[in-house]
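Single-structure report; data block below.
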Amino acid sequence: MELTAIVNGKVILEERIVEQNLIFTEQIQALVDDLHAYPQIKKIDAEGCYIAPGLIDLHIHGLSGYAVSDGKEGLIQEMAKVLPTFGVTAFLPTTMTMEATSIMQALGAIRSAKEADGSGAKVLGAHLEGPFINPDYKGAHDPAQIIPPDYELFAEFYDIINLITYAPEMDKGFIFTDKIINNTAVTLSIGHSDASYETALEAINRGAKSTTHLFNAMSGIKARELGVAGAALNSEVYSKLIADTIHLAPAMFQLVTKLKSPERIILVSDSIPATNVGDGIYSLGGQKIIVDQGIARLQEGNLAGSTLRLIDGVKNFVNHAGVDLSQGIKAATLNPARLLNLDQRIGSIEIGKAADLIVFDKDFQVKRTFINGREY
Numbered sequence: 088m089e090l091t092a093i094v095n096g097k098v099i100l101e102e103r104i105v106e107q108n109l110i111f112t113e114q115i116q117a118l119v120d121d122l123h124a125y126p127q128i129k130k131i132d133a134e135g136c137y138i139a140p141g142l143i144d145l146h147i148h149g150l151s152g153y154a155v156s157d158g159k160e161g162l163i164q165e166m167a168k169v170l171p172t173f174g175v176t177a178f179l180p181t182t183m184t185m186e187a188t189s190i191m192q193a194l195g196a197i198r199s200a201k202e203a204d205g206s207g208a209k210v211l212g213a214h215l216e217g218p219f220i221n222p223d224y225k226g227a228h229d230p231a232q233i234i235p236p237d238y239e240l241f242a243e244f245y246d247i248i249n250l251i252t253y254a255p256e257m258d259k260g261f262i263f264t265d266k267i268i269n270n271t272a273v274t275l276s277i278g279h280s281d282a283s284y285e286t287a288l289e290a291i292n293r294g295a296k297s298t299t300h301l302f303n304a305m306s307g308i309k310a311r312e313l314g315v316a317g318a319a320l321n322s323e324v325y326s327k328l329i330a331d332t333i334h335l336a337p338a339m340f341q342l343v344t345k346l347k348s349p350e351r352i353i354l355v356s357d358s359i360p361a362t363n364v365g366d367g368i369y370s371l372g373g374q375k376i377i378v379d380q381g382i383a384r385l386q387e388g389n390l391a392g393s394t395l396r397l398i399d400g401v402k403n404f405v406n407h408a409g410v411d412l413s414q415g416i417k418a419a420t421l422n423p424a425r426l427l428n429l430d431q432r433i434g435s436i437e438i439g440k441a442a443d444l445i446v447f448d449k450d451f452q453v454k455r456t457f458i459n460g461r462e463y
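Residues 88 to 463 (this note's numbering) are what the sequence shown spells out, left to right.
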């Protein structure tokens, strides 16, 4: 691949923003003040826009009419082709609570997509959300298919599963928790859970590393019982937020950031097939989803994922959380990469890392996206 430089832009690094020329091939090569040493280099004018690492979305159920839970070969690749227009360069297709055979079919499709030499956003692996959750906090998941945590059920897919959202109070004796932590590279995230503060902390002490959509579908904070939300805020786990201003009030972004370091906040979309399509009636994991004015709900009123583009989540977070742009970008790039132990390869603009890059303007409109140095 030819040597390329993005010029006339503001490069967002981990702790600061610099106005330098960014040189890359498949990997990031250098940041330089001038290009006199590179007379033949290809130049791309950023026109004063920001240059950032590509966004990493750890929670995508679907978009553009495609649903991960359908389990059809090729659908994940189609999603991967759309995501660069949102600034997403890597993602975890996310399952729903369904019959085990249907989940396995979806996991098989995700494996095929990861192994395929396709184009678009990188398929990092799978996020298994359900069926190991608490029916009292089912959210948009089918309560008839919820089961206790079972280590053996999806064992053949642990090579492709990166993240499992589960309810630790359903894991009697923490048998599932301990087996996952001790025998796999899978990351555990607490969500759709009614765990007490003490149970959640025990799961964290045993190795759970994050909480899924903080404050949503989990036991909340009360005067004498802090629940999962309290354990998330009073520990070092990563907390994933849906920053659409619907799942959380805008003021909550600032409160969470005051209580928890921005280094431990991860932004996700929790997007569903209606994303990039519009209002209407959709199916997700066998559940009927009604989308009205961009808000997705079950018929009984439960929120059912979002129609959020992750770049807009970053915009909302920066505008409402009191963080600077570098911190806002990090919550959707380096922080998720660190959670999955992928930060040596992706997640920030550093020499030797993959040239997964986006160019966006002051209004957070994505102008260009590069994955491994190739523009999409």
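Think of the CB as a built atom: it goes at the ideal place given N, C-alpha and C, for glycine as much as any other residue.
Bear in mind that the values here come from a model prediction, so they are computed numbers and not experimental data.
Bounding residues of the beta strand (DSSP E) (the contiguous stretch that carries residue i)
i: H214; result: A213 to E216
i: G472; result: Residue 472 is absent from the structure shown; the chain starts at 88 and stops at 463.
i: Y284; result: Y284 -> not in any beta strand (DSSP E); alpha helix (DSSP H) instead, spanning Y284 to R293.
i: V453; result: V453 to I458
i: P140; result: Y137 to P140
i: F111; result: N108 to F111
Limits of the alpha helix (DSSP H) - the one that residue i falls within
i: A408; result: L397 to A408
i: D265; result: I262 to N270
i: S189; result: A187 to E202
i: L426; result: L421 to L426
i: K417; result: L412 to K417
i: F340; result: P337 to L346
i: A318; result: G314 to L320
Closest by C-alpha distance to residue i, when choosing among the options
i: A154; options: R384, E437 and S370; result: S370
i: E106; options: A124, Y463 and Y137; result: Y137
i: I458; options: P423, D121 and V169; result: V169
i: S306; options: A319, S297 and G294; result: A319
i: G460; options: A304, H146, F451 and V446; result: V446
i: L444; options: Y463, I251 and L328; result: Y463
i: L215; options: E202, A203 and E186; result: E186
i: N316; options: P337, D331 and L346; result: Residue identity differs from the one stated: residue 316 is Ala in this sequence, not Asn. Out of P337, D331 and L346, L346 has the C-alpha closest to the C-alpha of A316.
i: I291; options: N321, H228, D157 and K130; result: N321
Beta-carbon contacts of residue i that lie in its chain and below 6 angstroms, excluding the five residues immediately before and after
i: P218; result: T184, Q232, I233 and I234
i: G294; result: I268
i: G381; result: T394
i: E89; result: K129
i: F451; result: I398 and K402
Any non-hydrogen atom of the ligand GTP closer than 8 angstroms to residue i Cβ
i: N389; result: In terms of ligand content, the structure shown is empty, and the ligand GTP therefore cannot be addressed.
Cβ of residue i within 9 angstroms of any chain B Cβ
i: E243; result: Of the protein chains in the structure, only one exists, and it is not chain B.
Three-way DSSP call (helix, strand, coil) for residue i in this model
i: K168; result: helix
i: M305; result: strand
i: K159; result: coil
i: T152; result: The sequence given here has Gly at residue 152, not Thr. Note: G152 maps to coil in three-state DSSP.
i: Y245; result: coil
i: A124; result: coil
i: V175; result: strand
i: V355; result: strand
i: T362; result: coil
i: P222; result: helix
Cut-off 7 angstroms between Cβ atoms - residues of its own chain near residue i, not counting five sequence neighbours on either side
i: G205; result: Q164 and A167
i: P126; result: none
i: L122; result: A92, N108 and I128
i: I308; result: G314, A316 and G317
Close Cβ partners of residue i (< 8 angstroms) along its chain, the five nearest in sequence each way excluded
i: D223; result: D281
Do the segment 251 to 267 and the segment 282 to 300 make contact, defined as three or more Cβ pairs closer than 8 angstroms? yes
Is it a yes or a no for the segment 339 to 357 touching the segment 389 to 402, going by three-plus beta-carbon pairs under 8 angstroms? yes
Answer yes if the segment 388 to 398 comes into contact with the segment 406 to 418, meaning at least three C-beta pairs across the two stretches below 8 angstroms, and no otherwise. no
Segment contact flag, the segment 266 to 279 with the segment 243 to 251, C-beta cutoff 8 angstroms, min 3 pairs: yes
Taking contact to mean 3 or more Cβ pairs, one atom from each stretch, closer than 8 angstroms, check whether the segment 416 to 423 and the segment 337 to 352 are in contact. yes
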